[in-house]
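Anchor point for the sequence shown: position 128 equals 115 in my numbering, and the numbering is continuous, going up by one each time.
Below is one structure, written out as structure tokens, with a few remarks after it.
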Amino acid sequence: MRQKYLPSFVKRRGRITKSQENNLNHLEKFEVSNIDDISKAKFSFSKLTLEIGFGNGDNTLALAKANPGTLYLASEVYIAGIGYLLGEIIKNDIQNIKLISGDIRLLIEQIKKPIFDDVLIICPDPWPKLKHHKRRMINSEFLKLVHPVIKNNGNLFMSTDWENYAESIEETILESNGYKRLKSSIYEKSELTKFQKRAMEEGRKIYTFTLKKVS
């Protein structure tokens, strides 16, 4: 069957530890896969934030600990990252993180109503080769897709450590309607992901973009 979206990731198992593999046995308890699951999970919380591509989950975990009144839906396709974050959720008895595995765009497409206060996409796969740029997650199609599921005055926070990806995002923002560009965001001071740490160690700048939904 033809895929709905061009993959922005390469689904692979990767290196996974025994403990991460064991943690995956608990995934069903923490996973949401449709709007009904999300509605039930959200009932006890005042805010709902979606993080797309959480890596190993360090940022997600820090945000959840700092904001117990917010439910964080954390999306990832890589099994090792999911296994790691599951372990941290269980070890720290975190009540305000739910997990989503697979291509988040398919779930966003099903939601069709504004439920998210914030959406975060921090340093997604840059697909640095020119022939692969079409696989990048952040593009005009993505901004159109996510717009209906963000509440009015809600925020879309994006970042990248690749300069030409940042230039592409700038162009995408200029071409997009329904958002207002903000100068700063609280998420600029969030816990660094392992990819951000690696970028800084390699001397690359982190470019950030914050958009507010205005219509």
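Idealized CB from N, CA, C, for every residue including glycine.
Return the Cβ separation of residue i and residue j in integer angstroms, given the expectation that the two are a contact with Cβ distance under 8 Å.
i, j, result
"Lys181", "Asn43", "6 Å"
"Gln97", "Ile22", "6 Å"
"Leu35", "Asp104", "6 Å"
"Ser88", "Glu18", "7 Å"
"Ile193", "Ser146", "6 Å"
"Lys99", "Pro135", "6 Å"
Please list, in chain order, all residues of the same chain as residue i whose beta carbon is under 7 Å from its beta carbon, the five residues on each side excluded.
i, result
"Trp149", "Pro113, Pro115"
"Val(-3)", "Note that Val(-3) scores a pLDDT of 49, beneath 50, so its modelled location is shaky and nothing firm can be said."
"Ser202", "Gly165"
"Val133", "Ile95, Val106, Leu143"
"Asn7", "The question names Asn, but residue 7 is Gln in the sequence shown. So the list reads Ala67, Gly70, Tyr71, Gly74, once near-sequence residues are dropped."
At which residues does the beta strand (DSSP E) containing residue i begin and terminate?
i, result
"Ile137", "137 to 147"
"Leu37", "34 to 39"
"Tyr174", "No beta strand (DSSP E) holds Tyr174; DSSP gives it neither H nor E."
"Lys200", "194 to 200"
If you follow the alpha helix (DSSP H) that residue i is in, where does it begin and where does it stop?
i, result
"Glu158", "150 to 162"
"Ser62", "Per DSSP, Ser62 belongs to no alpha helix (DSSP H); it is in the beta strand (DSSP E), 57 to 63."
"Lys217", "Since the displayed the chain opens at -12 and closes at 202, residue 217 lies outside it and no answer follows."
"Lys16", "14 to 17"
"Lys52", "45 to 53"
"Lys5", "5 to 10"
"Lys181", "181 to 188"
What residues in its chain sit with their C-beta under 6 Å from that of residue i, if we drop five residues either side in the sequence?
i, result
"Leu48", "Glu75"
"Lys167", "Lys199, Val201"
"Ile109", "Ser146, Thr180"
Might you give, ordered along the chain, the residues of its own chain that have their beta carbon closer than 8 Å to the beta carbon of residue i, omitting 5 neighbours on each side?
i, result
"Phe32", "Gly56, Thr57, Leu58, Asn83"
"Lys138", "Pro101, Ile102, Phe103, Asp104, Lys200"
"Ser172", "Asn142, Phe144, Thr195, Thr197"
"Leu(-7)", "Its pLDDT being 47, under 50, Leu(-7) is placed unreliably in this model, and the value from its coordinates should be taken loosely. Here the set comprises Lys121, Arg122."
"Ile160", "Leu130, Tyr166, Arg168, Phe196, Leu198"
(request) Return the chain-ordered ranges of every beta strand (DSSP E) run that is complete within the stretch 77 to 126 and spans a minimum of 3 residues. (result) As summarised for the stretch 77 to 126, the continuous beta strand (DSSP E) elements at least 3 residues long and confined to that stretch are 84 to 88, 103 to 109, given in chain order.
(request) Flag this pair as touching only if the stretch 49 to 56 and the stretch 18 to 26 have three or more C-beta atom pairs under 8 Å; answer yes or no. (result) By the Cβ criterion, the stretch 49 to 56 is not in contact with the stretch 18 to 26, since fewer than three pairs of Cβ atoms, one from each stretch, lie closer than 8 Å.
(request) Determine, using beta-carbon pairs with one atom in the stretch 13 to 24 and one in the stretch 59 to 73, whether at least three such pairs fall under 8 Å. (result) They touch, by the three-pair rule.
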